[in-house]
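Taking our numbering, the leading residue of the sequence shown gets 75, the next gets one more, and so forth. Cβ atoms here follow ideal geometry from the backbone N, Cα and C, with glycine treated the same way. Every value quoted in this text rests on a predicted model; they were computed, and no experiment measured them.
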Amino acid sequence: MQRNTATYMAANGRHADAPCRFVFCLVPQFSLASFTNAIEVLRLANRSAGREIYTWETCVAFENTEAIRSSCGLLVTVGGFQPELTRDDTLIVCGGENIRQAINKPMLNWIRREARRNIQLGALCTGAHVLALAGLLDGKRATVHWENQDSFEEEFPDVELSQSVFCIDGKRITAAGGTASIDLVLKLVATDHGTDLANEVADQLIYTSIRTDRDTQRLSTPTRIGVRHPKLSQVIKMMEANLEEPISPNALADYVAMSTRQLERLFRRYLDRSPKRYYMELRLQKARNLLLQTDMSVINVALACGFSSPSHFSKCYRQRYDTTPYRERGAHAAAPH
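Spelled out as structure tokens, the structure:
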């Protein structure tokens, strides 16, 4: 149902003609695509509306910083340091790579202080880590880029993590990154000014399919693996959902009403590997994400990925990645960010 713009804004303490202000806090190695996609929607909304209904600016949470380097290497000039916000503003943290190295205590204190003003707080890509560390997503539904979901779920169990492209839970808004920023901001435009304006903006962007908060981030399993075999897809989904406590090949075969030998032939035919090896690769990929994105001990990483023995975990990891879990983490920590 479309809302009347004047009625909606009046109910939220804003004059109907007053533009909504977005403040984007950029952190080092932020995702340029997530950031610019969000701003483009706001810009085109102004253009299509024929007046300034949105304003935006950039800021940083670090003193003496005039520009921030994005993950692709481009420098973006910022507008200021920790600006004063009002309750009508929206503050959005733009994350990207190596988010843990980009967070510091002054940043968290500032965001907590602004949250007490009851402003709308958002995050793009891994910016959700900042809000979660500040304790501002506890008990809230939120999302983060699929590559960071394993580590996020381990680190922030009080957050209701979703695999959707974006989430809106009260005053908290999060988007998974990339083009998901378009979907999130189009939703905000539709809420503020109606779906007709949002659709017009999507047309300007040549964005032919607007996703909702019910759409998931990743391609379907058949599309992702390049195989459209229903039973194979079912088994892989079951594997992906049970990495901490792996299911035996016999149980997987029973799940799709096949014999273990038939399941083996199915994997060999379509994926050129056994079910056991494919399952192991999924678990080791999760382990690598946890090693690089969290401070979990190697033993706890092993347990979270279904390995009861650290020595067995290390052996399997070395066979897959030609290095040990300890060396992997050490090399990542020593690399320049």
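- Judged by DSSP secondary structure, A276 falls within the alpha helix (DSSP H) whose first and last residues are 269-278.
- In the DSSP assignment, the residues bridged to D243 are R246.
- One thing to note: L271 has its Cβ within 8 angstroms of the Cβ of A119.
- In the structure shown, E114 adopts helical secondary structure according to DSSP, grouped into three states.
- Bounds of the beta strand (DSSP E) holding V150 are 149-151.
- Here S348 has E338, F341, R342 as same chain residues with Cβ atoms under 8 angstroms from its own Cβ, once five neighbours each way along the sequence are excluded.
- Residues of the same chain with a CB within less than 6 angstroms of the CB of T248, apart from the 5 flanking positions on each side, are A197, A202, A216, T217, C241 in chain order.
- In this structure L116 touches V259 by the C-beta definition: roughly 6 angstroms separates them, less than 8 angstroms.
- Per DSSP, the unbroken beta strand (DSSP E) holding A141 starts and ends at 141-143.
- Distance from the CA atom of Y352 to the CA atom of N363, rounded to whole angstroms, is 17 angstroms.
- The beta-carbon separation of F96 and S144, rounded to 18 angstroms, does not stay under the 8 angstroms limit for a contact.
- If you look at S236, you'll find it in the beta strand (DSSP E) that goes 234-236.
- About 5 angstroms separates the beta carbon of V239 from that of D289, a gap short enough to meet the 8 angstroms contact definition.
- Between S108 and V275, the CB-CB gap reaches or exceeds 8 angstroms.
- With contact defined as three or more Cβ pairs closer than 8 angstroms, the region 133-149 and the region 180-193 are in contact.
- A buried status is given to Q291, since no fewer than 16 other beta-carbon atoms sit within 10 Å of its beta-carbon.
- Using a 10 angstroms sphere on the CB of L317, the tally of other CB atoms reaches 16 or more, which defines it as buried.
- Around the beta carbon of R403, a 10 Å sphere encloses 16 or more other beta carbons of the protein chains shown; the residue is thus reported as buried.
- In the same chain as L365, and ignoring 5 residues on each side of it, the C-beta atoms closer than 8 angstroms to its own belong to V372, V375, P399, E402, R403, H406, in chain order.
- The Cβ atoms of S236 and T368 do not sit closer than 8 angstroms to each other.
- Contact between L165 and C94 does not hold, since the beta-carbon distance rounds to 12 angstroms and is not under 8 angstroms.
- Shown here for R392: same chain residues with a beta carbon closer than 7 angstroms to its own, the five before and five after excluded, namely T398 in chain order.
- For C94, there is no enclosing alpha helix (DSSP H); the residue is found in the beta strand (DSSP E) stretching over 94-100.
- For the set Y281, I173, A112, the Cα lying nearest the Cα of E221 is the one of I173.
- Here R125 carries a coil assignment [DSSP, helix/strand/coil].
- For Q194, no alpha helix (DSSP H) segment is defined; the enclosing uninterrupted segment is the beta strand (DSSP E) at 194-198.
- Taking C-beta atoms as the reference points, V101 and A208 fail to come closer than 8 angstroms.
- In the structure shown, I173 adopts helical secondary structure according to DSSP, grouped into three states.
- L205 and V152 do not touch by the CB rule: their CB atoms are close to 19 angstroms apart, not below 8 angstroms.
- CA-to-CA, the gap between D328 and F381 works out to about 23 angstroms.
- Taking C-beta separations shorter than 7 angstroms and ignoring five residues to either side along the sequence, the partners of E140 in its chain run T151, V152, following chain order.
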